[in-house]
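Visitor:
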Amino acid sequence: MKEGIKILPVLIVFSFLSIEWFKYVESVDEIAKSRWHTFMSATYFSRKDETTALKELEEALKTKVVYPDAYMKMGIYYLNKGMNEEAIKFLLSAFTFYPSNKDVCLFLSRACEGSGNMIEALKWAEYCFNLKKEKTTILLLANLYLKLGLERKAFNLLGEFKNTDDPEILLLYGLSALKSGEREIAQKIFEKLLSLPDLPDSLKETIKSHSEK
Amino acid sequence: MWDKITKMKKESLYALLFYGAVNFILFVPVFFQNKTWTPFDLIDQNFLYPPKEKKMFSSTATRWDGMYYFFLTDYYLNREIKNFNFPLWNPYILSGHPVFADGQNGFLNPVRIILHSLFSPWKARDLFVFIHLILTGFFMFLYLRKLSLSFYPSLFGGFVYSFSLPITGHIPEEFYISTFAYLPFLLFSYEKAVNEKSKIWIAIGGFLLALILLGRYLPSAYFSLLIFGSVFLFKTLTNSKNYKEITASFFLILLLGFLISSIQLLPTIELSSLSSEQRGKDLDVLGRRFPWVFRIALMVINFFSPIFLGSSLDINPETDPPFDPFVISGFTGILSFFLLILSALNLREKKETPFYLLLYAIFFLSYLHTPINYILSFLPSFKRLAILVALPPVIAFLSSVLSSTGAEVLLNNPPNVKKWLSIFIASLLSLGSVIFALIIYGKILPLPWMSFGNIRIFSPILIIFVIVYTFFIKMPPYLKGLSLILISMVELLPLSFSFNRPCSVPDLKWEYLSQEKSDLYRTSSDIGLNLYMIFQIYSTDGYEGLIPDYYIIGTKPEIKGFPVRTFTLEDLSYPVARLLGVKRIVSSNAEQIKIPEELLYKVKEGGVITIFEVRDVLERVFVVGSSKRVSNWKEASELIKNGYNPLEGVLIEENVRCSGGQGSARIVEYRDEEVIVQTHVERGCAFLVLSDTYYPGWKVYVDGKEEKILRAYGFIRAVPIENGEHNVRFVFKPWWILPGGILSGIGILGCFILIIFELMKKSL
Numbered sequence: 001m002k003e004g005i006k007i008l009p010v011l012i013v014f015s016f017l018s019i020e021w022f023k024y025v026e027s028v029d030e031i032a033k034s035r036w037h038t039f040m041s042a043t044y045f046s047r048k049d050e051t052t053a054l055k056e057l058e059e060a061l062k063t064k065v066v067y068p069d070a071y072m073k074m075g076i077y078y079l080n081k082g083m084n085e086e087a088i089k090f091l092l093s094a095f096t097f098y099p100s101n102k103d104v105c106l107f108l109s110r111a112c113e114g115s116g117n118m119i120e121a122l123k124w125a126e127y128c129f130n131l132k133k134e135k136t137t138i139l140l141l142a143n144l145y146l147k148l149g150l151e152r153k154a155f156n157l158l159g160e161f162k163n164t165d166d167p168e169i170l171l172l173y174g175l176s177a178l179k180s181g182e183r184e185i186a187q188k189i190f191e192k193l194l195s196l197p198d199l200p201d202s203l204k205e206t207i208k209s210h211s212e213k
Numbered sequence: 214m215w216d217k218i219t220k221m222k223k224e225s226l227y228a229l230l231f232y233g234a235v236n237f238i239l240f241v242p243v244f245f246q247n248k249t250w251t252p253f254d255l256i257d258q259n260f261l262y263p264p265k266e267k268k269m270f271s272s273t274a275t276r277w278d279g280m281y282y283f284f285l286t287d288y289y290l291n292r293e294i295k296n297f298n299f300p301l302w303n304p305y306i307l308s309g310h311p312v313f314a315d316g317q318n319g320f321l322n323p324v325r326i327i328l329h330s331l332f333s334p335w336k337a338r339d340l341f342v343f344i345h346l347i348l349t350g351f352f353m354f355l356y357l358r359k360l361s362l363s364f365y366p367s368l369f370g371g372f373v374y375s376f377s378l379p380i381t382g383h384i385p386e387e388f389y390i391s392t393f394a395y396l397p398f399l400l401f402s403y404e405k406a407v408n409e410k411s412k413i414w415i416a417i418g419g420f421l422l423a424l425i426l427l428g429r430y431l432p433s434a435y436f437s438l439l440i441f442g443s444v445f446l447f448k449t450l451t452n453s454k455n456y457k458e459i460t461a462s463f464f465l466i467l468l469l470g471f472l473i474s475s476i477q478l479l480p481t482i483e484l485s486s487l488s489s490e491q492r493g494k495d496l497d498v499l500g501r502r503f504p505w506v507f508r509i510a511l512m513v514i515n516f517f518s519p520i521f522l523g524s525s526l527d528i529n530p531e532t533d534p535p536f537d538p539f540v541i542s543g544f545t546g547i548l549s550f551f552l553l554i555l556s557a558l559n560l561r562e563k564k565e566t567p568f569y570l571l572l573y574a575i576f577f578l579s580y581l582h583t584p585i586n587y588i589l590s591f592l593p594s595f596k597r598l599a600i601l602v603a604l605p606p607v608i609a610f611l612s613s614v615l616s617s618t619g620a621e622v623l624l625n626n627p628p629n630v631k632k633w634l635s636i637f638i639a640s641l642l643s644l645g646s647v648i649f650a651l652i653i654y655g656k657i658l659p660l661p662w663m664s665f666g667n668i669r670i671f672s673p674i675l676i677i678f679v680i681v682y683t684f685f686i687k688m689p690p691y692l693k694g695l696s697l698i699l700i701s702m703v704e705l706l707p708l709s710f711s712f713n714r715p716c717s718v719p720d721l722k723w724e725y726l727s728q729e730k731s732d733l734y735r736t737s738s739d740i741g742l743n744l745y746m747i748f749q750i751y752s753t754d755g756y757e758g759l760i761p762d763y764y765i766i767g768t769k770p771e772i773k774g775f776p777v778r779t780f781t782l783e784d785l786s787y788p789v790a791r792l793l794g795v796k797r798i799v800s801s802n803a804e805q806i807k808i809p810e811e812l813l814y815k816v817k818e819g820g821v822i823t824i825f826e827v828r829d830v831l832e833r834v835f836v837v838g839s840s841k842r843v844s845n846w847k848e849a850s851e852l853i854k855n856g857y858n859p860l861e862g863v864l865i866e867e868n869v870r871c872s873g874g875q876g877s878a879r880i881v882e883y884r885d886e887e888v889i890v891q892t893h894v895e896r897g898c899a900f901l902v903l904s905d906t907y908y909p910g911w912k913v914y915v916d917g918k919e920e921k922i923l924r925a926y927g928f929i930r931a932v933p934i935e936n937g938e939h940n941v942r943f944v945f946k947p948w949w950i951l952p953g954g955i956l957s958g959i960g961i962l963g964c965f966i967l968i969i970f971e972l973m974k975k976s977l
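Quick mapping for you: the protein sequence lines, in order, are chains A and B.
Sequence positions in the first sequence follow the working numbering and run 1 to 213.
Sequence positions in the second sequence follow the working numbering and run 214 to 977.
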């Protein structure tokens, strides 16, 4: 009997972990169900069947443990519909799961901008940019700087990427240079832009009009 | 009565009951909730109802094999057996494919045949796994007892092996279990045969080796053979007294095993020789395409991370991890790893320990694709069969043996220094593994995951705490043994549940094609490669372990990487579609179709599926009045790919004088292994073309007289026909049936003779 007590800690850990794992396994079933409905909704969205897609997404959000992508997809849906407040609610839920996913904060920034909260939009855009410095995040942040009248900040930001051949980044860089009073730099950038091959005619016209200014 | 049973037998019975009870827990959903472990929900999600979703279960790649291959071949076998037919030729995939030759259908496993003849395909599969999981543990228990380990370490070893990640983490595939369940019992039989000089155990060993060779995965059988051979070498080197028994028993078991499995090995060797370009030559044994980070990851993942990561559902599918721990890990538990280190620190405890440790090191280094594979590649067929995914169960087997030895050491109270040292080394490696897993997965794991409230975080911590407690607290061996088993259960059982999910049994219907499947035209689609054999629809597509080069390489517009084991809608060009009579395209993504739009017309849309018909395709049989000689199949298939009109002349490799004729042909009867064609040729001579895959073993009889089948256009069949009305009969009569049958019969007979001989000797 005395010896038998020595196994008690093992038995306690065994019982405790068994119960906890049992709960976890149940949650796996729930999250799998949620994921299934999330994928189904993506399928119906791609088939342009919005009504069924939305029903699937609602099902995905009803499960005890929600597959985080469901929040993301719902957020994007509301964002595309222009319902920014609802979009923010769902995207914030998605963010709690995936704080390192740049798409979540990118959409959050757009939703905040749509709802008129430019300060929050800028905060999310900066967060997004710090997560990943790539075309979408650079453009998002630079555009917001320009919209908020922070031309010099936009100019400095885009200056880090001036060696790119991406016409959109170069155009924004040129514009921010122009607005910051850096006319010579702006002129050079516009010239570089015009020398790029396969530049769409509409873009050429825009550059020329800015260049003439 | 009970008192007369020996202690060993009683213990074996307890072990059997224990493994039965534990596995019963796993199979409660199957027995009481009408569920199945076969991933039907995945089949449903991807093919039958909605479209293919590429992101689905991205981190559990081998599950696709469960759906694309193993379940579907079982379903096919189930139906054919119930129709009292044992198929040799499967006409539904790859324009026709030999059934026994792919090295992984496992049709000849007697347990599988019995279960499939009695139950539905899903029930038969579940029962097969249930029985084999129990046997895996029990056979391992017997083998460990044979190695003179005591009851609890052996019971622990059996449990750890049968619930290791490669075995129970992949229930839907069941390809590991089909071979590795028998390995410990093969080694046990060998030990018995040597020690007791028993011919009965040689016969049993022969049967077991045959079961391994007839299993679902040739690379697994190959590694089992390597372990068996290594045990033979070890015994030869360490035991000079029984040299004769050791050698004779080994070679007799080998002989019997190979003889019995000849009926499947001969066709496999034949197909293997035809698919040499497709697979084998470029097998990258040094893993040049794997970055070093991948190899380190392989190593650390084995020690800790599966339990740490919980299940594949925790990974954000938006960002795929750089590798897949769930497929490639030989994880046997944290405790098992701690005990393995303890056994390594006590090499003198058992004479087998250094041997198994050496094997573990060799296979682990091989698994990491290190230069040791240069040396191993001198072994016959190593480059062709030793592939990465076959190694985790080998590592799990060796790890189970070593950790049981470690458990035995622990029960004998080793010095505290060794215990501390083993805890230090194992903790260091485990911790390293977690840090590495965090580096790899940290960014893609959901934020709430990273907390002590998460079971995947606190469970390993608690387990390590309890391991340390069990290592140092003084208790009677039976209590210590019981503790080890309890800890192992709470580590490994949840993994089985969270890595596999039971599914509801669905009503399989492919409504989109149910009306059109009555003719002999073929179908190609992007929704499941081998589903055709379930729905009895003829197709060019398919997924097999081995496929003749001239079909898989000859028909594809381009080859992206090796090995090539699939043919899908994405690979189908119009010239090939036309030649092979692919009239229907079923697609969930029209962008994948390579056939020009003007040659397609939409027949109907159903849900997310669109069905197209291809214009101007040829019938299954047609007549061509002339031929054009080509040097080989590659030249023929190049011409076809470049748009050569098949009706201008049959492309053949032989010089056959036959031209000027024209005519017609119609299929009178089309069965799996027999096609009867009625043909009429006017003027001169013409070629009758049957657009089924060319393959050795097919014979053709024109009006009862045998003629030679020509390989037409590089990959299908043709026969010259003189003018007039003719009855042409194509029959599949492979050469290996008779010699294979005779050799297998000799093997089985040999086993029975050995058993009878031994029994007679005993009765005298």
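Note that the Cβ used here is the ideal one computed from N, Cα and C, for glycine as well.
Would a C-beta distance cut-off of 8 Å place Leu624(B) and Lys693(B) closer than the cut-off?
Guide: The count along the second sequence starts at 1 and reaches residue 624(B) at position 411. The count along the second sequence starts at 1 and reaches residue 693(B) at position 480. Yes, they are a contact pair.
Visitor: Measuring CA to CA, which of Met746(B), Ser549(B), Leu328(B) is closest to Ile677(B)?
Guide: Here residue 677(B) refers to the residue found at position 464 of the second sequence. Out of Met746(B), Ser549(B), Leu328(B), Ser549(B) has the C-alpha closest to the C-alpha of Ile677(B).
Visitor: So, does the CB of Trp124(A) fall closer than 8 Å to a CB anywhere in chain B?
Guide: Within the first sequence, residue 124(A) is the residue found at index 124, counting from 1. So no, Trp124(A) is outside the interface.
Visitor: Note the first and the last residue of the continuous alpha helix (DSSP H) segment covering Ile76(A).
Guide: Looking up residue 76(A) in the first sequence gives position 76. 68 to 80 is the span of the alpha helix (DSSP H), which, as asked, contains Ile76(A).
Visitor: Anyone know if the C-beta pair for Phe320(B) and Leu285(B) falls short of 8 Å?
Guide: To locate residue 320(B), count along the second sequence from 1; it is residue 107. To locate residue 285(B), count along the second sequence from 1; it is residue 72. Result no, Cβ atoms of Phe320(B) and Leu285(B) do not sit closer than 8 Å.
Visitor: Note down the Cα distance separating Val681(B) from Ser556(B), rounded to an integer number of angstroms.
Guide: Position 468 of the second sequence holds residue 681(B). Position 343 of the second sequence holds residue 556(B). Taking the straight line joining both Cα atoms gives about 16 Å.
Visitor: Nearest chain B C-beta to Val13(A) closer than 8 Å, yes or no?
Guide: On the first sequence, position 13 is the one that residue 13(A) refers to. Chain B, which has a Cβ nearer than 8 Å to the Cβ of Val13(A), makes this yes.
Visitor: List the whole-angstrom C-beta distance separating Tyr78(A) from Ala87(A), where the pair is believed to meet the contact cut-off of C-beta under 8 Å.
Guide: Position 78 of the first sequence, counting from 1, holds the residue named residue 78(A). Position 87 of the first sequence, counting from 1, holds the residue named residue 87(A). Correct: roughly 4 Å between the Cβ atoms.
Visitor: Which first and last residues belong to the alpha helix (DSSP H) in which Ala32(A) is found?
Guide: Translated into positions along the first sequence, residue 32(A) becomes position 32. It spans 8 to 46 - the alpha helix (DSSP H) in which Ala32(A) sits, taken as one unbroken run.
Visitor: Flag Met688(B) as yes if its beta-carbon sits less than 8 Å from any beta-carbon of chain A, otherwise no.
Guide: For the purposes of this step, residue 688(B) is identified with residue 475 of the second sequence, where counting begins at 1. Chain A contact via Cβ: present.
Visitor: Kindly say whether Thr566(B), judged by its beta-carbon, lies nearer than 8 Å to any beta-carbon of chain A.
Guide: In the second sequence, the residue the question calls residue 566(B) occupies position 353. It does not: the Cβ of Thr566(B) has no partner Cβ on chain A nearer than 8 Å.
Visitor: Under the three-state reduction of DSSP, which class applies to Gln875(B): helix, strand or coil?
Guide: Within the second sequence, residue 875(B) is the residue found at index 662, counting from 1. If DSSP states are grouped into helix, strand and coil, Gln875(B) belongs with the strands.
Visitor: From Ile5(A), Asp201(A), Gly149(A), pick the residue whose C-alpha is nearest to that of Ala177(A); which is it?
Guide: As a working note, residue 177(A) is residue 177 in the first sequence. For Ala177(A), the nearest C-alpha among the options comes from Gly149(A).
Visitor: Are three or more beta carbon pairs between the segment 604 to 620 of chain B and the segment 581 to 595 of chain B nearer than 8 Å?
Guide: No, they do not touch.
Visitor: Taking DSSP as the reference, what is the three-state secondary structure of Pro477(B)?
Guide: Along the second sequence, read from residue 1 onward, the residue named residue 477(B) stands at position 264. One detail in the question is off: residue 477(B) reads as Gln in this sequence, not Pro. Note: Gln477(B) maps to helix in three-state DSSP.
Visitor: Following the continuous beta strand (DSSP E) through Trp911(B), name the residue where it begins and the one where it ends.
Guide: The residue you call residue 911(B) lines up with position 698 of the second sequence. Trp911(B) -> beta strand (DSSP E) spans 911 to 915.
Visitor: Considering only C-alpha positions, which residue in the set Val602(B), Gly960(B), Glu810(B) is nearest to Ser579(B)?
Guide: For the purposes of this step, residue 579(B) is taken as residue 366 along the second sequence, with counting starting at 1. The candidate whose alpha carbon is nearest that of Ser579(B) is Val602(B).
Visitor: Could you work out which residues of chain B lie near Pro9(A), taking near to mean beta carbons separated by less than 8 Å?
Guide: For this step, residue 9(A) is matched to residue 9 along the first sequence. Result: Val679, Tyr682.
Visitor: Taking 8 Å as the CB-CB limit, is Gly75(A) close to chain B?
Guide: Position 75 of the first sequence holds residue 75(A). No, its Cβ sits nowhere closer than 8 Å to a Cβ of chain B.
Visitor: Taking Cβ to Cβ, would you say Glu483(B) is nearer than 8 Å to Pro909(B)?
Guide: Looking up residue 483(B) in the second sequence gives position 270. Looking up residue 909(B) in the second sequence gives position 696. Closer than 8 Å, so yes.
Visitor: Given a cut-off of 8 Å on the beta-carbon distance, is the pair Leu552(B) and Ala620(B) in contact?
Guide: Numbered from 1 along the second sequence, position 339 holds the residue referred to as residue 552(B). Numbered from 1 along the second sequence, position 407 holds the residue referred to as residue 620(B). In contact: Leu552(B) and Ala620(B) (Cβ atoms closer than 8 Å).
Visitor: Can you find a CB in chain B that lies within less than 8 Å of the CB of Leu61(A)?
Guide: Position 61 of the first sequence, counted from the first residue, corresponds to residue 61(A). Leu61(A) does not count as touching chain B.
Visitor: Quick one: Cα of Pro770(B) to Cα of Tyr282(B), how far?
Guide: Position 557 of the second sequence holds residue 770(B). Position 69 of the second sequence holds residue 282(B). Straight-line Cα distance between these residues: approximately 24 Å.
Visitor: So who's on the other strand from Pro933(B), going by DSSP bridges?
Guide: The count along the second sequence starts at 1 and reaches residue 933(B) at position 720. Pro933(B) pairs with Phe900(B).
Visitor: How far does the alpha helix (DSSP H) with Ser840(B) in it extend, from its first residue to its last?
Guide: Translated into the one-based positions of the second sequence, residue 840(B) becomes position 627. Taken as a continuous stretch (DSSP letters only), Ser840(B) belongs to no alpha helix (DSSP H), being part of the beta strand (DSSP E) at 840 to 842.
Visitor: Can Phe90(A) be considered in contact with the ligand MG, in the sense that its beta carbon sits closer than 7 Å to one or more heavy atoms?
Guide: This structure lacks the ligand MG; in fact it carries no ligand of any kind.
Visitor: Give me the residue from Leu301(B), Leu571(B), Ile306(B) with the minimum Cα distance to Gln477(B).
Guide: Numbered from its first residue, the second sequence carries residue 477(B) at position 264. That would be Leu301(B), whose Cα lies nearest to the Cα of Gln477(B).
Visitor: Alpha carbon to alpha carbon, what distance is there between Ala574(B) and Phe436(B)?
Guide: The count along the second sequence starts at 1 and reaches residue 436(B) at position 223. The count along the second sequence starts at 1 and reaches residue 574(B) at position 361. Approximately 15 Å between the Cα atoms of the pair.
Visitor: Of the residues Phe671(B), Ser672(B), Ile698(B), Arg669(B), which one's Cα is nearest the Cα of Thr683(B)?
Guide: Within the second sequence, the letter at position 470 stands for residue 683(B). Among Phe671(B), Ser672(B), Ile698(B), Arg669(B), the Cα nearest to that of Thr683(B) is on Ile698(B).
Visitor: Identify the contact partners of Leu699(B) in chain A, using a Cβ-Cβ distance below 9 Å as the criterion.
Guide: By 1-based counting over the second sequence, the position of residue 699(B) is 486. Correct list: Ile7, Val10, Leu11, Val13, Phe14.
Visitor: Whose Cβ in chain B lies nearer than 7 Å to the Cβ of Phe17(A)?
Guide: Translated into positions along the first sequence, residue 17(A) becomes position 17. According to the sequence shown, residue 17(A) is Leu rather than Phe. Near Leu17(A) (Cβ distances below 7 Å), the residues of chain B are Ser672, Leu675, Val703.
Visitor: Give a yes or no on whether 8 Å exceeds the smallest Cβ distance from Glu20(A) to chain B.
Guide: Translated into positions along the first sequence, residue 20(A) becomes position 20. Answer yes: the Cβ-Cβ gap between Glu20(A) and chain B drops below 8 Å somewhere.
Visitor: Which residue comes first and which comes last in the beta strand (DSSP E) that contains Ser800(B)?
Guide: As a working note, residue 800(B) is residue 587 in the second sequence. Counting along the chain, the beta strand (DSSP E) containing Ser800(B) begins and ends at 795 to 800.
Visitor: Measuring only the C-alpha atoms, how far is Gly4(A) from Ala234(B)?
Guide: Looking up residue 4(A) in the first sequence gives position 4. Looking up residue 234(B) in the second sequence gives position 21. Between Gly4(A) and Ala234(B), the C-alpha separation is close to 24 Å.
Visitor: Is any beta-carbon of chain A found at less than 8 Å from that of Phe231(B)?
Guide: Taking the second sequence and counting its residues from 1, one reaches residue 231(B) at position 18. Closer than 8 Å: no.
Visitor: Which residues, in chain order, does the segment 768 to 794 of chain B contribute to contact with chain A at a C-beta distance below 9 Å?
Guide: If the cut-off is 9 Å between Cβ atoms, the segment 768 to 794 of chain B has nothing near chain A.
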